[in-house]
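Counting along the sequence shown from 1, when you hit position 57 you're at 57 in the working numbering, and nothing is skipped either side.
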Amino acid sequence: MRRYLKPLLAVLLFAVIQGVTSVLVSVLAMLGTMCKNAWQTGGHFFSASSCPDGMPPLGFGEMAAIIFVSGAVTLYVLARLTGSLRFPRALDPRGVCWRQAPLVLLAFAAGVLAVNLFFERLDLPDWAGDSLAGLMGTLPGVLAVGVVGPLVEEAVFREALLGGMLHERVSPGRAILISSFVFGAIHVNPAQMPAAFVIGMMLGVVYWRTGNIVLPCLLHMANNLLCVGLTRALGDPARTFTWGKWMGGDPVAIVVMAVSALLCVWLFMVFVRCYPVAETPGDNEE
1 MRRYLKPLLA VLLFAVIQGV TSVLVSVLAM LGTMCKNAWQ TGGHFFSASS CPDGMPPLGF
61 GEMAAIIFVS GAVTLYVLAR LTGSLRFPRA LDPRGVCWRQ APLVLLAFAA GVLAVNLFFE
121 RLDLPDWAGD SLAGLMGTLP GVLAVGVVGP LVEEAVFREA LLGGMLHERV SPGRAILISS
181 FVFGAIHVNP AQMPAAFVIG MMLGVVYWRT GNIVLPCLLH MANNLLCVGL TRALGDPART
241 FTWGKWMGGD PVAIVVMAVS ALLCVWLFMV FVRCYPVAET PGDNEE
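In structure tokens:
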């Protein structure tokens, strides 16, 4: 059990930092609203006319600020205070065999397509759909969802959690499974959790073989930016868009889903056979 404590501590710190940042940003947003109302009404700061009724809902700017601030604090804490991140080594592109990148990209794309086709058929509750769609409609939101979020999540779930377990000699299969489960669970939203678990498995395999988060980050960013692009291009219809309908119906979608899933598995098997296992994080560190 001790082998899992330090890696899981990184995730706990990430969750706590996000929670504290959310509260602070919410309080600042409320104070800003009070100041604005007091200025406009000429009333006192704590008068009934200047105080909003309860905590105001967060705007998309505040949501993006939470991602930026909590991400920066998380990276600092994990890198400088806990030693869970091996920066800049974890982001060193020289540690990646770029000849394998097209293979990994194709495998990941096939897997993401199969995952989307499968889970959209389940019609899971989407608790965060409207908020995410609104967030992705702003430039700070695009940067938060498409760049900062993936970087921080890969640092936490692949480098700190998965890499930490591999360093503690947890078997690769078990470490990838656990890190992917936690990655899916942290999303909370039922519509995202199962897909996040499967995507976490694919990113975990890439991290295991490469030993750094360069390729996982690029793949994660590409996935999120594709979602951002579709949302911005389609507007409101993006909330009801499904790949199955776009392909013309269930028969075609089922065939594409099966072929994509098989292609994904086969390509990852080729990748694992051709790519030597990376040095376990921390093996040569004093």
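Yeah, the Cβ is synthetic: ideal placement off N, Cα and C, and Gly gets one too.
Per DSSP, reduced to three states, the secondary structure at residue 220 is helical. CA-CA distance, residue 8 to residue 182, rounds to 9 Å. Pairwise C-beta distances place the stretch 95-105 in contact with the stretch 204-221, as three or more of them are shorter than 8 Å. Excluding the 5 residues flanking it on each side, residue 85 has same chain C-beta neighbours closer than 8 Å at 75, 78, 79, 155, 159, 160, in chain order. The alpha-carbon separation between residue 99 and residue 4 amounts to approximately 34 Å. For residue 256, the enclosing alpha helix (DSSP H) begins and ends at 250-274. Within the same chain, Cβ atoms closer than 6 Å to the Cβ of residue 120 are found at 242, the five residues on either side in sequence being excluded. Inclusion of residue 228 and residue 111 in the CB contact set at 9 Å is not warranted, their separation being larger than that value.
The beta-carbon separation of residue 69 and residue 138, rounded to 16 Å, does not stay under the 8 Å limit for a contact. Residue 256 places its beta carbon less than 9 Å from that of residue 113.
A straight line joining the alpha-carbon of residue 152 with that of residue 213 spans about 10 Å. Between residue 35 and residue 28, the alpha-carbon positions lie close to 10 Å from each other.
Between the alpha carbons of residue 270 and residue 23 lies a gap of roughly 46 Å.
By the C-beta density criterion, residue 171 is exposed, having fewer than 16 other C-beta atoms within 10 angstroms. Residue 251 and residue 116 have their C-alpha atoms spaced approximately 15 Å apart.
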